[in-house]
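According to our numbering, the sequence shown is numbered sequentially starting from 12. From the three backbone atoms N, C-alpha and C, an ideal C-beta is built for every residue, glycine too.
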Amino acid sequence: MGGEEGGVTEPLLGFNGDARTGGHSRAAFFTGKEGDRESIRGVRDFFREFAAESKVLWFLAGPAMFTAICQYSLGAVTQIVAGQLGTIELAAVSVENSVIAGLSFGLMLGMGSALETLCGQAYGAGDLDMLGVYMQRSWLILLATALLLTPLYVFATSWMNLIGQTPDISRAAGRFALWMLPQLFAYALNFPLAKFLQAQSRLMFRAAVAAGTLLLHALLNWLLVLRLGWGLPGAALVLNLSWWIIVGTQMVYIFGGACGEAWSGFSWKAFNQIWGFVRLSVASAVMLCLEFWYYTVLILCAGYLTNAKISVDAISICMNISGWTLMVALGSNIATSVRVSNELGAGHPKRAKFAVVVSVLTSFLIGLFLALLMMITRKEFPYAFTISAEVREMVYQLTPLLAITITANNVQPVLSGLAIGAGWQAFVAYINIGSYYFFGVPIGLLLAFKFDFGVKGIWCGMIFGTLLQTMILVLMAFRTNWNKEASTTRDRVKKWGEV
Numbered sequence: 012m013g014g015e016e017g018g019v020t021e022p023l024l025g026f027n028g029d030a031r032t033g034g035h036s037r038a039a040f041f042t043g044k045e046g047d048r049e050s051i052r053g054v055r056d057f058f059r060e061f062a063a064e065s066k067v068l069w070f071l072a073g074p075a076m077f078t079a080i081c082q083y084s085l086g087a088v089t090q091i092v093a094g095q096l097g098t099i100e101l102a103a104v105s106v107e108n109s110v111i112a113g114l115s116f117g118l119m120l121g122m123g124s125a126l127e128t129l130c131g132q133a134y135g136a137g138d139l140d141m142l143g144v145y146m147q148r149s150w151l152i153l154l155a156t157a158l159l160l161t162p163l164y165v166f167a168t169s170w171m172n173l174i175g176q177t178p179d180i181s182r183a184a185g186r187f188a189l190w191m192l193p194q195l196f197a198y199a200l201n202f203p204l205a206k207f208l209q210a211q212s213r214l215m216f217r218a219a220v221a222a223g224t225l226l227l228h229a230l231l232n233w234l235l236v237l238r239l240g241w242g243l244p245g246a247a248l249v250l251n252l253s254w255w256i257i258v259g260t261q262m263v264y265i266f267g268g269a270c271g272e273a274w275s276g277f278s279w280k281a282f283n284q285i286w287g288f289v290r291l292s293v294a295s296a297v298m299l300c301l302e303f304w305y306y307t308v309l310i311l312c313a314g315y316l317t318n319a320k321i322s323v324d325a326i327s328i329c330m331n332i333s334g335w336t337l338m339v340a341l342g343s344n345i346a347t348s349v350r351v352s353n354e355l356g357a358g359h360p361k362r363a364k365f366a367v368v369v370s371v372l373t374s375f376l377i378g379l380f381l382a383l384l385m386m387i388t389r390k391e392f393p394y395a396f397t398i399s400a401e402v403r404e405m406v407y408q409l410t411p412l413l414a415i416t417i418t419a420n421n422v423q424p425v426l427s428g429l430a431i432g433a434g435w436q437a438f439v440a441y442i443n444i445g446s447y448y449f450f451g452v453p454i455g456l457l458l459a460f461k462f463d464f465g466v467k468g469i470w471c472g473m474i475f476g477t478l479l480q481t482m483i484l485v486l487m488a489f490r491t492n493w494n495k496e497a498s499t500t501r502d503r504v505k506k507w508g509e510v
């Protein structure tokens, strides 16, 4: 697959991902065509390397951020359109989108993230033929998971009644969930496709697909739902269609040969090492779901406070803003995961470590900028979300906590990207459980209900949990023996590539 220099195997990959093509390759651009980075000897060296690494990171993070925002907006557009139909319709879409689809999305994305580790490291090592095999293994696991999640959609009305939703909302959301079952299987195919393309840094294509799909999604919603009056069935049809367009376009791109040797057709090798792959997928899902679901505790607990309606409305507005800023952080997460996995796979431990340094610093500065923007506009931005003076006042009071959350949440996903790229999912899952649910949540509940700090107390506890998790991951990143990680990666690539 390549030559050897200093005991490190270097991939000889063509720009289009084809191992048969020499020259200045696509893989070399992302993994350092001159081998591992030399030690930094001064400020000038640092800024030169920082600028070079930033260029690569932004090439990855920019399209990833744009794609995440576009795909996040598919559900948002559907909710906006449902709001034009009536309150029950809006509630049905909101419950299905945030609870049922949200649960499925988190699990599928988490399980698909196992592919980020293996595909990224195999691509960096030059084992292109294994990328397609890994994707097929992930398809098998995620399709099986989709089948297990199907009762969640089929019996949505019954279990929503059990958790206390009103009968009208339960019936409407249950019907909409049943109509959205095709989306579940689109998730199962989409996330492995996305991670397969991410590992090869083919993110501009995904961004173009996401943008085109979002435009078509908005147009079809206007035409079918609002103009022709198809109602919620039309909204479900359009949302399902949009996700399947994303899946189908990526399949045509890959099966058409655009990825070179990374896709060489379906293979029985996909059934090898399947249980090990399941374990890694489950660890990835647990790690990410513990992060995704953490701040939903804030909204649930707010419902038990005095003036619960005002508290929930104010928290929901803040979480809405936090969700949009999290899409920016998700781009950094993807970029860091790709860089770390590619560089470790290529045997470049110093480059992997420096990629983490650059990504953390850049994300921190972005988070700080967004936090300052919120603080500067804290009197104005609540007017965009509510006409209630009481809710606006509470949002104003909560904005400092929102600013801290935005800053922390811009750094934390980068460190999660490091964990995925290095294959630390199982260990980080334990850190998340301890930091979030054994530390952050109890402190928040204590401050809120014992010391009467209310919603601010809950949120402070959540922030303490996030900061603890972030500090532990930063410590791990800088105390890690990166040469050993590179060696472990080579062993992993060899093991998972066995027939």
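On the CB-based measure, 16 or more other CB atoms within 10 Å of its CB, does residue i come out buried or exposed?
| i | result |
| --- | --- |
| PHE202 | buried |
| GLY476 | buried |
| LYS66 | exposed |
| GLU127 | buried |
| GLY342 | buried |
| MET386 | exposed |
| ILE345 | buried |
| THR156 | buried |
| LYS461 | exposed |
| MET405 | buried |
| LYS361 | buried |
| GLY43 | Only weak support exists for where GLY43 lies, its pLDDT of 49 falling under 50; the value from the coordinates is given anyway. So GLY43 counts as buried. |
| TYR394 | exposed |
| ALA400 | exposed |
| ASP324 | buried |
| ILE398 | exposed |
| THR388 | exposed |
| ARG55 | exposed |
| LYS206 | buried |
In whole angstroms, what is the alpha-carbon distance linking residue i and residue j?
| i | j | result |
| --- | --- | --- |
| ALA30 | GLY131 | Any answer about ALA30 is weak, because its pLDDT of 35 lies below 50 and its placement is not dependable; what the coordinates show is given next. Between ALA30 and GLY131, the C-alpha separation is close to 15 Å. |
| GLY276 | LEU208 | 15 Å |
| SER212 | GLY175 | 45 Å |
| ASN283 | ASP140 | 15 Å |
| THR336 | ALA199 | 26 Å |
| GLN147 | LEU158 | 17 Å |
| PHE58 | HIS359 | 20 Å |
| ILE256 | THR224 | 7 Å |
| ALA278 | TRP150 | Here residue 278 turns out to be Ser, not Ala, going by the sequence shown. Distance between the alpha carbons of SER278 and TRP150 is about 13 Å. |
| GLY445 | PRO453 | 11 Å |
| TRP286 | ILE152 | 10 Å |
| LEU71 | ALA363 | 15 Å |
| GLY465 | SER327 | 15 Å |
| GLY123 | PHE77 | 20 Å |
| ILE80 | LEU226 | 13 Å |
| PHE187 | ALA93 | 11 Å |
| CYS270 | ALA296 | 27 Å |
| PHE41 | LEU189 | The predicted position of PHE41 is uncertain, since its pLDDT is 47 and thus under 50; a value taken from the coordinates is nonetheless stated next. Each residue's Cα considered, the two are about 43 Å apart. |
| TRP274 | PHE116 | 26 Å |
| CYS514 | VAL308 | With the chain represented from 12 up to 510, any question about residue 514 goes unanswered, as that position is not in the structure. |
| ALA197 | TYR305 | 25 Å |
| MET119 | ALA112 | 10 Å |
| GLY73 | VAL425 | 14 Å |
| LEU239 | LEU458 | 52 Å |
| GLN82 | VAL220 | 10 Å |
| PRO411 | LEU486 | 26 Å |
| LEU133 | ILE91 | First, the residue type needs correcting, since residue 133 is Ala and not Leu in the sequence shown. Taking the straight line from one Cα to the other gives about 42 Å. |
| PRO244 | VAL104 | 11 Å |
| GLY53 | ALA62 | 14 Å |
In chain order, what residues of the same chain lie with their CB nearer than 7 Å to the CB of residue i, ignoring the 5 residues before and after it?
| i | result |
| --- | --- |
| GLU302 | SER427, ASN443 |
| SER181 | THR168, MET171, ASN172 |
| VAL422 | VAL371, SER374, PHE375, GLY378, THR481 |
What residues in its chain sit with their C-beta under 6 Å from that of residue i, if we drop five residues either side in the sequence?
| i | result |
| --- | --- |
| HIS35 | Confidence at HIS35 is low in this model, with a pLDDT of 36, below 50, so the placement of that residue should be treated as unreliable; the coordinate-derived value is given next. Within the same chain, HIS35 has no close Cβ partners at all. |
| LEU192 | TYR164 |
| ALA414 | ALA382, MET385, MET386 |
| GLN194 | ASN251, TRP254 |
| GLY86 | ASN108 |
Please work out which residues of its chain come closer than 8 Å, Cβ to Cβ, to residue i, disregarding the five sequence neighbours upstream and downstream, and give them in chain order.
| i | result |
| --- | --- |
| ALA294 | ALA125, GLN436, ALA437, ALA440 |
| GLY242 | LEU96, GLU100, VAL236 |
| ARG403 | PRO393, TYR394, THR397 |
| ASN494 | PRO360 |
| VAL249 | THR89, HIS228, LEU231, ASN232, LEU235, VAL236 |
| SER333 | TYR306, LEU413, THR416, ILE417, ASN420 |
| message | With three or more beta-carbon pairs closer than 8 Å as the criterion, would you say the stretch 92 to 101 touches the stretch 259 to 274? | response | Taking 8 Å as the limit for Cβ pairs, the verdict is that the stretch 259 to 274 does not touch the stretch 92 to 101.
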